[in-house]
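Numbering (the working numbering), first residue to last: 3 to 120.
Structure, rendered in structure tokens:
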């Protein structure tokens with residue numbers, strides 16, 4: 003399943019980058035007046051209607067792909083095996099072992115002087 007998550011994450015990143023690029027290329031609503039005074043819109047690659055239709059539709063498709071990838075990543079991220087409990091239950095099982103009484107101190111080396119306990 004790790005391969006599937008990696009593929010979905012890659013598609014999400016690529017769609018996000020493509021959306022950023024398309025949004026930056028699009029003209030605002032105020033740019034239409036300048037196009038009316040001879041900016042050569044009829045001879046463009048996308049026809050006389052301009053690129054607004056194509057770019058806005060492509061942006062909408064990429065936004066849908068991004069949204070679907072986000073939902074899929076959220077779904078796969080929340081999948082848990084049925085045998086394991088919650089994170090808190092597994093932490094509670096580990097905590098008593100970690101807080102057990104410390105081991106007895108190691109015996110000093112044979113050449114070291116021993117200090118008697120008072």
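Ideal placement from N, C-alpha and C gives every residue a C-beta, glycine not left out.
Legend entry - residue 78 and residue 18 closer than 8 Å at C-beta: If you number the chain shown from 1, residue 78 lands on position 76. If you number the chain shown from 1, residue 18 lands on position 16. No, these two residues do not count as a Cβ contact at 8 Å.
Inset, instruction - State the Cα-Cα distance for the pair residue 15 and residue 75, rounded to the nearest angstrom. - result: Along the chain shown, read from residue 1 onward, the residue named residue 15 stands at position 13. Along the chain shown, read from residue 1 onward, the residue named residue 75 stands at position 73. The straight-line gap from Cα to Cα measures roughly 12 Å.
Legend entry - Top-ranked residue by Cα proximity to residue 61, from 80, 71, 28, 72: Here the question's residue 61 lines up with position 59 in the chain shown. Per the Cα distances, 28.
Legend entry - Nearest-angstrom Cα separation, counted from residue 73 out to residue 59: For the purposes of this step, residue 59 is taken as the residue at position 57 of the chain shown. For the purposes of this step, residue 73 is taken as the residue at position 71 of the chain shown. Those two C-alpha atoms are separated by around 21 Å.
Inset, instruction - State yes or no: is the C-beta of residue 16 nearer than 7 Å to some heavy atom of the ligand MG? - result: The model depicted lacks the ligand MG and carries no ligand whatsoever.
Inset, instruction - With a 10 Å radius around its C-beta and 16 neighbouring C-beta atoms as the bar for buried, classify residue 64 as buried or exposed. - result: Position 62 of the chain shown, counted from the start, is the residue given in the question as residue 64. Classification for residue 64: buried.
Legend entry - Sequence-distant residues of its chain with Cβ nearer than 6 Å to residue 7 (five each side left out): For the purposes of this step, residue 7 is taken as residue 5 along the chain shown, with counting starting at 1. For residue 7, where only same-chain residues beyond five positions count, the Cβ hits under 6 Å are 78.
Inset, instruction - May I ask which residues mark the beginning and end of the alpha helix (DSSP H) holding residue 3? - result: Counting from 1 along the chain shown, the entry for residue 3 is found at position 1. Per DSSP, residue 3 belongs to no alpha helix (DSSP H) and is neither H nor E.
Inset, instruction - Answer yes or no: do residue 71 and residue 13 have a C-beta to C-beta separation smaller than 8 Å? - result: In the chain shown, counting from the first residue as 1, residue 71 sits at position 69. In the chain shown, counting from the first residue as 1, residue 13 sits at position 11. For residue 71 and residue 13, yes; Cβs fall inside 8 Å.
Inset, instruction - Inspect the beta-carbon positions of residue 57 and residue 26 and report whether they are closer than 8 Å. - result: In the chain shown, counting from the first residue as 1, residue 57 sits at position 55. In the chain shown, counting from the first residue as 1, residue 26 sits at position 24. Result no, Cβ atoms of residue 57 and residue 26 do not sit closer than 8 Å.
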